Amino acid sequence: MKITPLRQELIPQVIALMELGEPYIRARTYSDYWGYATLFASTCPVALAGDDVAGAVMAFRSQEDPRDVYVQDVMTHPDHRQQGVSKALIAAVRDQAISWGCSRLYLTSEPDNTAAQATWQALGFVNVPGDRDVDGVSVTSDFKGPGKDRAVYQLDLP
Ligand SMILES: CC(C)(COP(=O)(O)OP(=O)(O)OC[C@H]1O[C@@H](n2cnc3c(N)ncnc32)[C@H](O)[C@@H]1OP(=O)(O)O)[C@@H](O)C(=O)NCCC(=O)NCCS
1 MKITPLRQEL
11 IPQVIALMEL
21 GEPYIRARTY
31 SDYWGYATLF
41 ASTCPVALAG
51 DDVAGAVMAF
61 RSQEDPRDVY
71 VQDVMTHPDH
81 RQQGVSKALI
91 AAVRDQAISW
101 GCSRLYLTSE
111 PDNTAAQATW
121 QALGFVNVPG
131 DRDVDGVSVT
141 SDFKGPGKDR
151 AVYQLDLP
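Residue numbering for the sequence shown follows UniProt numbering, beginning at 1 and increasing consecutively.
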């Protein structure tokens, strides 16, 4: 497996990958990925297995608080799950964030996404205390706007 920054020629394959992520991930537009490849490639790594895209992460350093890197989408192709793809992709983002002097990565997941919760915990993320518990996961109500409750996870960087 090779980890490479998102580049324009990979966008159609990344869209095809993200289309497999329902209900937790939805593909964004070509234009969105063009922006990510052009402006944020160093925190948008893609995992290649031969010529196939096995996974991708879209993450961005905050302009409002440059100590933060927000991980927007994490997706591994169903044929490549539980083989360390996300681990390698998040490690690439983490290493980039550390090299910039950032202090944390953070992300959110839907309260019922148990595979994601298990992954974040295995990768060392901590569930940020919210205002209620759902099956042992702390959830922040309205985190992404009215009715958009999310479990928030963060990884503190050295
Ligand atoms: C969640 C997801 C990204 C995990 O990707 P992955 O490439 O399979 O994860 P990895 O193989 O890198 O696993 C990383 C760690 O998480 C653990 N893990 C991954 N999936 C798991 C699962 N379903 N159950 C329990 N643990 C799991 C692994 O065991 C591993 O732990 P280890 O390092 O101690 O061995 C993948 O299931 C996926 O793409 N799901 C659909 C999209 C989605 O929900 N994305 C997240 C949106 S918030």
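No residue lacks a Cβ here, since even glycine has one placed at the ideal position from N, Cα and C.
All values derive from a computational prediction rather than experimental measurement.
Determine, using beta carbons only, whether residue i comes closer than 9 angstroms to chain B.
i   : result
D73 : Considering every chain present, this structure includes no chain B. It has just one protein chain.
For the beta strand (DSSP E) holding residue i, just list the boundary residues, first then last.
i    : result
A151 : 151-156
Look at the alpha carbon of residue i and the alpha carbon of residue j, and state the distance between them as a whole number of angstroms.
i    : j    : result
Q117 : S109 : 7 angstroms
M13  : G124 : One point to set straight first is that residue 13 is Gln, not Met, in the sequence displayed. Cα to Cα, Q13 sits roughly 29 angstroms from G124.
D149 : L105 : 19 angstroms
G147 : P66  : 28 angstroms
H80  : N127 : 25 angstroms
V137 : S99  : 31 angstroms
A97  : R61  : 8 angstroms
Comparing C-alpha positions only, which one of the options sits nearest to residue i?
i    : options              : result
P23  : Y33, D131, T119, V74 : V74
L39  : G55, L20, L6         : L6
R90  : Q8, E19, L157, A49   : Per the sequence presented here, residue 90 reads as Ile, with Arg not at that position. Selected option, being the one with the closest Cα: L157.
C102 : D68, P146, W34, K148 : D68
G50  : A37, K148, I3, Q63   : I3
K87  : G55, S62, G136       : G55
P107 : V46, A151, D131, L17 : For clarity, residue 107 is Leu in the given sequence; the question names Pro instead. Cα-wise, what sits closest to L107 is A151.
I25  : A92, Q96, P78, Q8    : P78
M1   : V85, V71, R132       : V85
T76  : V57, V93, R94, A92   : V57
L10  : V71, Y30, D112       : Y30
W120 : K144, Y153, P111     : Y153
L48  : E64, Q83, F143       : Q83
K144 : P111, S42, W34       : P111
Within 8 angstroms: the Cβ of residue i and any heavy atom of ligand 3?
i   : result
V46 : Of the ligands one can find in the structure shown, namely ligand 1, none is ligand 3.
Complete beta strand (DSSP E) runs within the UniProt domain "N-acetyltransferase" (1-158) (minimum length 3 residues, chain order)
Here the runs fully enclosed are 2-5, 45-49, 52-61, 68-76, 104-109, 132-134, 137-139, 151-156.
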